[in-house]
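Residue numbers (mature numbering (1 follows the signal peptide of the UniProt record, and there is no 0)): -30 to -1, 1 to 164.
Right under this line is the structure:
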């Protein structure tokens, strides 16, 4: 049995670091992260329209802790198959980091790259590979938006026709490889997103 420890929200198991931010799971729930993913549909919190007359509370859809772990597990497996040392990040629609996974020996720059790709995909609702070519120009451009990164490797997670999260991967020698790893994470939950 592998030894698992949790310190300040970081789960370390077999050379893998997992940061579980704002997903509200216990150590007992987090420990199975290295186990194979189950094929159960992803769970999201349903969106509800604000009451007529300008209600003060709105509800939004977010990925469940189980869905976050399945995304991470599938992306890690794809990175392993490809022999890549990467970081996988998942952010919610507001850009809040919900999950960070680093493979062994992933470079220190890969975390920021993955997070920014996930942020960009969630914010624009498109894979970052599609945004990369149209982000430039003269003067101020969308590249100037803080926290964005217009390199391939970020994919949006959509529910009900709208983005609810973004998955970003950083560290492979080509953005297309990062994006393939992110797509593997997305496929792990696609069936349960609507």
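Ideal Cβ positions, reconstructed from N, Cα and C, are used throughout, including at glycine. Predicted model only: the values in this text are computed from it and were never measured.
Cut-off 8 angstroms between Cβ atoms - residues of its own chain near residue i, not counting five sequence neighbours on either side
| i | result |
| --- | --- |
| residue 156 | 41, 125, 127 and 137 |
| residue 146 | 99 and 122 |
| residue 81 | 57, 59, 70, 72 and 140 |
| residue 77 | 55 and 141 |
C-alpha distance - residue i paired with residue j, whole-angstrom precision
| i | j | result |
| --- | --- | --- |
| residue 143 | residue 118 | 20 angstroms |
| residue 27 | residue 73 | 39 angstroms |
| residue 95 | residue 130 | 12 angstroms |
| residue 90 | residue 66 | 12 angstroms |
| residue 164 | residue 116 | 30 angstroms |
| residue 114 | residue 132 | 24 angstroms |
| residue 52 | residue 79 | 20 angstroms |
| residue 159 | residue 25 | 32 angstroms |
| residue 162 | residue 34 | 11 angstroms |
| residue 39 | residue 134 | 16 angstroms |
Unbroken beta strand (DSSP E) run spanning residue i, endpoints
| i | result |
| --- | --- |
| residue 57 | 57 to 62 |
| residue 26 | Run containing residue 26: none; DSSP gives neither H nor E here. |
| residue 140 | 132 to 140 |
| residue 70 | 67 to 72 |
| residue 129 | 124 to 129 |
Cβ-Cβ separation, residue j to residue i (assumed contact under 8 angstroms), whole Å
| i | j | result |
| --- | --- | --- |
| residue 37 | residue 61 | With 8 angstroms as the limit, residue 37 and residue 61 do not qualify as a contact, their Cβ atoms being about 14 angstroms apart. |
| residue 44 | residue 139 | Not confirmed; about 12 angstroms, so no contact. |
| residue 98 | residue 121 | 6 angstroms |
| residue 30 | residue 63 | 7 angstroms |
Counted within 10 angstroms of its Cβ, other Cβ atoms place residue i as buried (16 or more) or exposed
| i | result |
| --- | --- |
| residue 32 | buried |
| residue 86 | buried |
| residue 148 | buried |
| residue 93 | buried |
Other residues of its chain near residue i: CB distance less than 6 angstroms, five sequence neighbours each side excluded
| i | result |
| --- | --- |
| residue 151 | 45, 48, 49 and 139 |
| residue 59 | 70, 84, 85, 88 and 138 |
Contacting residues, own chain, Cβ-Cβ under 7 angstroms from residue i (five flanking each side not counted)
| i | result |
| --- | --- |
| residue 75 | 55 |
| residue 102 | 120, 121 and 122 |
| residue 153 | 125 |
Limits of the unbroken alpha helix (DSSP H) element including residue i
| i | result |
| --- | --- |
| residue 44 | 35 to 52 |
| residue 160 | That residue, residue 160, is in no alpha helix (DSSP H); it is neither H nor E in DSSP. |
| residue 77 | Segment: none, residue 77 is in no alpha helix (DSSP H) and carries neither H nor E. |
| residue 101 | 98 to 101 |
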